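Here's the structure, in structure tokens; my notes come after.
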Amino acid sequence: MSTAVDLVSDTFVEFCASGLWPGVGKGLALAMREAGLTGPAAVNAQNLVKLPKVTAKRADRLLTSWIGVGQLYELAELLVPQDIPVRWAARLTDQLGDDAVGELRRNPWRLLVLPDATVAQADQLARALEPGVRRDDVRRGRALIGWTLARFARDGHTAAPVAVVSEALRPFGIDAPGAAAALAAAGEAGDVAGVLDPTGNREPWVAPSALCQAESDIADGIRRLAANAKALAGDRAVRGVAGDLDEVQAGAVAHAAAHGVSLLTGGPGTGKSRTVSAIVALCRKVEVTVALAAPTGRAAKRLEELAGHPATTVHRLLGARRAGAVEDNGSVFDHDALHPLDVGLVVVDEASMLDVELAAALINAIPDGAHLVVVGDPAQLPSIGPGRVLGDLIDADAVPVTELRTLYRQSEGGSIARLATAVRGGTLPPVDDPTREVVVVPSPGSEPAAQRVVQLVTDSIPRVFGLSGDQVQVVTPVHRGPAGTQGLNRLLKARLNPGTGTVRGFDVGDRVVATANHADAEPFGYANGEVGTVTAAGDNSVTVAFPGGEAEIAGKALNDLLHGWAITVHRAQGSEWEAVVAVLPPEAGQMLSRPLIYTAITRARRHLSVVHAAGPAVARAVRQVGARPRRTLLRALLVRGAVAQTTGGA
């Protein structure tokens, strides 16, 4: 049986090893343990300076940073005895605020603000803090409503029928009356909004309040921009910049000039970038200020190169604030409805990546009278975050949509573009490409597939195509297994940049990928899915060169960094590389879909190697498995003008 002293020691040791104490990495944490520093009472300058390589100056810094993480340590004292990961302390503070300890003591089920927390963990914490607590506690039901809707949101849904939510609560001992009471409590607290069924079946639905508000803001903003728009230029000016465009592309330029909101869609090689370039040229001609943006730094850089005009990320365009810096109105951006952008036209590219909250923030910040051009490919995977903004805008038919279908890209990307066009249409043709722009590498299983990936990345592709390592990217649908991101990154690091893992497993020269947005990072922010290279490592921090600039990453932000020689297809969305190795292992069988395969193969510019180990499941997915349905409100809001909201849940 653990004693109080043991619990203090275990908590302190785990906390030191977690990276939550700035300046303390695995090496120093081990040295502290070996020196007998196993509790908060031992943390003082005299003891710290006795540790290896700790000068008096460093000891003072460590002591100062220890004082600064006092709230995190208090959280660790609650979590560690219940076998809850200590690293969650930082995330709980982000979600619950500086009084996270008090929040959990008042309501232990607040642990479920983290979608990967389990109900069993929250129940165990509740029993530890409040012996005899009941399963029908209203706090539990309300928390389970939020947790359930958050899990739905991770699958892309912004709303759900009440019956679906109620059924999801049943395994946790909450019956239908209990679910109704929990929904009412969540509604009264403002956590959720009850809405009428957007499908027209008169079934009650419920949505997280923030997502419901975001979709309402998008719909209201689209109507506002459409109603207030004035033509930016006449037909003669449009013809003057559209001389090299076909009739459909020229029509898209005309729509951008005439309408407050217009959409431009199409697959790779159909001329979306040429059309955007013409829109930019038109704005210059008539002296209208134009802003180009994309969800990621790499996509923005590519847009800038192709359009011949400066482009930036959506977060940077809006002026993302530092973490915790929020306006009184709740805005986390410098530009919002009260402080709009000073622009006449905004083009947002790779719009399939926009989730509802980022799309709402962008549209809210566009002033009356300005025009918005939404550019994207609806055949790609939808956003990582909830919603299907691009798809709903197209399906609602509320604004002009131009779809480019003619394939122009031949010499610079013919085989890749033709394969992508076929997959987009639901067929997987055999590949017979003498130019070796597209190569299919069959494999009998995951382990042989992983070995082929390493051989392609480290030898064949650089040798045949003369490409450097940073121009080759591996994408795979899965994290686990020999041909998932984790296994492939271990193999590729061992070959491309072996090292001891100076800081949290990262060495200078490692390729890394961000798994969360950190628009507030200094000196340049970065977005989920950005791939960069570690340029410096030490003192529990790394510096990473991303496409948009360098960022210093330290402390809890290191938890949102993974090795990035191999990344998921979803995180690759919005980016292109000169060469891509797309791995399709058998473990991905249930995940395979036409949008996933299409997104994977369209990440390549010059060369695509497909390591095919999934057998007939690939052709079947392309032929039969379209976009996975997402439950959203936006289309109904745009079509019907409003989705009536009710109070008190549903």
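In this text, residue positions in the sequence shown follow our numbering: the first is 127, and each later residue adds one. Note that beta-carbon positions come from the ideal geometry of N, C-alpha and C, so glycine has one too. Quantities reported herein were computed from a predicted structural model and do not represent experimental measurements.
Only residues of its own chain outside the window of five on either side were considered, and among them 599, 601, 729, 730, 734 have a CB closer than 7 Å to the CB of residue 706, listed in chain order.
Counted as a single uninterrupted DSSP element, the beta strand (DSSP E) harbouring residue 567 occupies residues 564-568. When the Cα atoms are used, residue 528 and residue 212 turn out to be separated by approximately 51 Å. If you draw a straight line from the Cα of residue 686 to the Cα of residue 679, it comes to about 9 Å.
In the three-state DSSP reduction, residue 693 falls in the strand class (E or B). Cβ-Cβ distances below 8 Å link residue 574 to 739 in the same chain, with the five nearest sequence neighbours on each side left out; the list follows chain order. Annotation: residue 416 to residue 373 spans about 23 Å, alpha carbon to alpha carbon. If only uninterrupted beta strand (DSSP E) runs of at least 3 residues are considered, those enclosed by the stretch 699-752 are 703-710, 730-738. At a Cβ-Cβ threshold of 8 Å, residue 441 and residue 643 count as neighbours.
Inclusion of residue 358 and residue 471 in the CB contact set at 8 Å is warranted, their separation being smaller than that value. Contact between residue 305 and residue 292 is confirmed by a C-beta separation of about 4 Å, below the 8 Å threshold. Boundaries around residue 541 are those of the alpha helix (DSSP H), 540-550, since no beta strand (DSSP E) includes it. Residues 576, 580 of the same chain have their beta carbon placed closer than 7 Å to that of residue 617, with the five preceding and five following residues left out of the count.
Going by C-alpha positions, residue 170 is about 32 Å away from residue 634.
Residue pairing of residue 650 in beta bridges, as defined by DSSP: absent, with no partner found. Three or more Cβ pairs closer than 8 Å define a contact, and the stretch 496-514 meets that threshold against the stretch 472-479. For a cut-off of 8 Å, the C-beta gap from residue 757 to residue 284 is around 7 Å, short enough to register as a contact. The C-alpha of residue 278 lies about 28 Å from the C-alpha of residue 689. Note on geometry: alpha-carbon atoms of residue 335 and residue 317 lie some 6 Å from one another. Where residue 637 is concerned, the enclosing beta strand (DSSP E) starts and stops at 637-640.
Of 684, 308, 398, the smallest CA-CA separation from residue 272 is found for 308. Residue nearest to residue 200 within the set 225, 500, 188 is 225 (criterion: CA-CA distance). Between residue 364 and residue 338, the C-beta spacing is not below 8 Å. In the DSSP assignment, residue 274 falls outside any beta strand (DSSP E) and within the unbroken alpha helix (DSSP H) covering 264-280. In the DSSP assignment, residue 388 falls within the beta strand (DSSP E) that extends over 387-392.
Cα atoms of residue 397 and residue 355: separation of roughly 26 Å, rounded to the nearest angstrom. According to the DSSP assignment, residue 457 belongs to no beta strand (DSSP E), since it is labelled neither H nor E. In this chain, the beta strand (DSSP E) harbouring residue 419 covers 416-420. In this structure, residue 546 keeps its C-beta atom at 8 Å or more from the C-beta atom of residue 392. With distances taken between CA atoms, residue 745 lies nearest to 724 out of 724, 759, 764. DSSP places residue 658 in the strand class (E or B) of the three-state scheme.
If you look at residue 205, you'll find it in the alpha helix (DSSP H) that goes 196-205. Taken through DSSP and simplified to helix, strand or coil, residue 506 comes out as coil. Distance from the CA atom of residue 369 to the CA atom of residue 405, rounded to whole angstroms, is 12 Å. Each residue's CA atom was taken as its position, placing residue 591 and residue 184 some 48 Å apart. Of the candidates 551, 541, 149, the residue whose Cα lies closest to the Cα of residue 559 is 541.
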